[in-house]
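Below you'll find the structure, written out as structure tokens, and then a few comments.
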């Protein structure tokens, strides 16, 4: 009898322990990340991945010193922790779509964050919507993404539409303040979902504001030369260029303009190579005086005081160690918003979490507005960015004037005078 | 008129760069019947060698191309010794697949060691330099690459046509067994040809960081264009590859400027399809 009791106690302990393990395992929310970890946009993709990892580190563990949501506690819903499964889109829509399917079907992820390139986000988020699962997008900017009326798609970033309107409003302001005589616009963009939509929105906004679009230059990403592209711009000689070129294409574009000895009076860039501080650094003086919409740069520290401490964790994860940039920080913000919604919903039903996301305003200290709120279709209606200009390698805020910390250099300083 | 001259000049300079890349491929193809799928990756390796020589030792691409060319010469010679040698005499597909595998190895080795990040050399001697004739801009980096292309292709042509070594290479290309009976060390010729083919690419890759960013995927499109050039010029024909490269450069420039930039590669690959359909041996092939 004593022997039987001993066996029963041991069995109970073993079962209890196994049960504990099972319970601990159950308290995991698997999330997929979908970024271009290789290919032409890999630098940006690697940083976006590191940004989500940073947010998960803060949410999963107690960081009471950080002034961001969920930092003080460990996990969400009384002990649930996030586990990330990373996938590489290579920046290709077909790869992104199949990886999204693999993440849901084989890895069993609960939701996906991603995927930087709008062209990839479009089919990948379609997979999520078809499955009734959540796709949380940080920085893809094509306006078309949130015009599909999807129920489970959410996007933190401002769209190209928003940025295009910002650009023309800014041009009006420059004309007024600097007597700049800006009349014509040229467009240069990669021939992808992102580039084409950015150009469409840019053209529409310029037309509406009374600017004449005199050059419309689409190019194939990863080109060996950009001579024809720059020659076409130079021939039309627009006052302002709206640019939508990513990564290496951006550097080639800038260097080809230098080679061809041509610059517009002003260059306004969508979320492109312009926003990548590493590329700006590598271009050195050649990168100066270009402009673009920017959601974050270390020079914004005073405006976003909560970022600095989180950024320290991010810097430890990135190799080489870099601060957040305008794109990656939106991916971190996306993760924080998703985690808050799960916490508030109190359960893992996708529809319930999606509904919760739609019906609340979320604390988002990693965004310029400090808050996030989604309208039907999933666009963050509070999304905003400032217009910056690279001066001496720093992103200086130029517009809106109430937050500006530098004076606009207009027109751009010609190549031979640098 | 100025614009036409400028576009023509851009096309010719781009064509000369392509000639430097494609000549090596044509040489290997012509002598050994081997389609070297790793050719674009040789270019990428050369660019990394030049970049690191510039970044770590402050050697400008204007000089570091020598290191890049020697490195890729050795890499290509080893490719023959360790891989291609075992495919000679077997199905043409085996060499093709072996070099495709090598291209994957080189690309992923670069990814693993250097990450996918773009790397750009700043303040190079040639970077951004240009001179003007009226309104026509003549970019110095491309002019220098063009001069290298003329010299390298010319030297290679002279070597093949006018020297005993060249005759030995031609004999090996025409009939390996007969060449061996004449006392030619075909094994050595093959190693040298593979090395020279790689070195041509190495010179181009060594000079390119003057204005082009380096990353593991950088060779892919160059490789495809080089295949088009070799097919257009005629397999194994060095003058053919040279002229075809100039044609492709001009087609790219004219279609890019006068039709649309996004159309330029459509035109280039469209020409390839037409040539393959109507003259599979290429414009200058026999």
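Chains as they are written, first to last, in this note's numbering: chain A, 1 to 418; chain X, 419 to 704.
For every residue, glycine included, the Cβ atom is placed at its ideal position computed from N, Cα and C.
Listed in chain order, the non-local C-beta contacts of residue 164/A below 6 Å within the same chain comprise 201, 202, 205, local neighbours out to five positions each way being set aside. Contact annotation: in the region 637–662 of chain X, residues whose CB is within less than 9 Å of a CB in chain A are 638, 639, 640, 643.
If you look at residue 582/X, you'll find it in the alpha helix (DSSP H) that goes 582–592. With respect to the 8 Å criterion, residue 282/A and residue 394/A are not classified as neighbours on the basis of their beta carbons. Under the DSSP assignment, residue 110/A falls outside any alpha helix (DSSP H); it carries neither an H nor an E label.
Note that the C-beta distance between residue 556/X and residue 566/X is not below 8 Å. If you draw a straight line from the Cα of residue 589/X to the Cα of residue 654/X, it comes to about 13 Å. Between the region 365–376 of chain A and the region 384–398 of chain A there are three or more inter-stretch CB-CB distances shorter than 8 Å, so the stretches are counted as touching.
Using a Cβ-Cβ distance cut-off of 8 Å, the region 110–120 of chain A and the region 83–100 of chain A are in contact, since at least three pairs of beta carbons, one from each stretch, lie closer than that value. Comparing C-alpha distances from residue 609/X to each of 644/X, 499/X, 526/X shows the shortest one belongs to 499/X. Nearest to residue 82/A by alpha-carbon distance, out of 72/A, 109/A, 105/A, is 109/A.
In the three-state DSSP reduction, residue 664/X falls in the helix class (H, G or I). In terms of CA proximity to residue 331/A, 35/A leads the group 26/A, 35/A, 30/A, 28/A. Comparing alpha carbon positions, the residue from 649/X, 658/X, 465/X closest to residue 688/X is 649/X. Of all C-beta pairs linking the region 613–620 of chain X to the region 440–451 of chain X, three or more are shorter than 8 Å, placing the two stretches in contact.
Interface annotation, residue 523/X: not in contact with chain A, CB-CB separation never under 8 Å.
With its beta carbon at least 8 Å from every one in chain X, residue 136/A lies outside the interface.
Between residue 148/A and residue 137/A, the C-beta gap is not smaller than 8 Å, which leaves the two residues out of contact. With a minimum length of 4 residues, the unbroken runs of alpha helix (DSSP H) contained wholly in the region 224–279 of chain A fall at 227–236, 247–259. Straight-line measurement puts the Cα of residue 534/X at about 22 Å from the Cα of residue 489/X. Here the alpha carbons of residue 216/A and residue 228/A stand approximately 12 Å from one another. Between the region 466–483 of chain X and the region 625–636 of chain X, the count of C-beta pairs closer than 8 Å reaches three or more; the two stretches touch.
Apart from sequence neighbours up to five positions away, the residues of its chain that approach residue 123/A with a beta-carbon distance below 8 Å are 93, 94, 96, 97, 100, ordered along the chain. Residue 35/A is bridged by DSSP to 88/A.
For the region 258–291 of chain A, residues whose beta-carbon sits nearer than 8 Å to a beta-carbon of chain X comprise 258, 259, 260, 261, 278, 279, 282, 283, 284, 286. Residue 551/X is classed as exposed because its beta carbon has fewer than 16 other beta carbons within 10 Å across all chains shown. Residue 155/A sits in a strand when the DSSP states are folded into three classes. Contact annotation for residue 540/X against chain A: 282, 284 [CB-CB distance below 7 Å, chain order]. The beta-carbon of residue 627/X is placed no less than 8 Å from the nearest beta-carbon of chain A. Here the C-alpha atom of residue 503/X lies approximately 11 Å from the C-alpha atom of residue 606/X. When Cβ-Cβ separations below 8 Å define contact, residue 630/X makes contact with chain A. For chain X, the residues of the region 225–245 of chain A that bring a beta carbon within less than 7 Å of one of its beta carbons are 225, 227, 228, 229, 231, 232, 235, in chain order.
Distance from the Cα of residue 438/X is smallest, within the candidate group 564/X, 696/X, 701/X, for 564/X. The region 145–210 of chain A contains, as complete beta strand (DSSP E) runs of 3+ residues, the segments 153–155, 184–190 (chain order). Collapsing the DSSP output to three states places residue 139/A in coil. Within chain A, no C-beta atom comes less than 7 Å from the C-beta of residue 692/X; the nearest is roughly 20 Å away.
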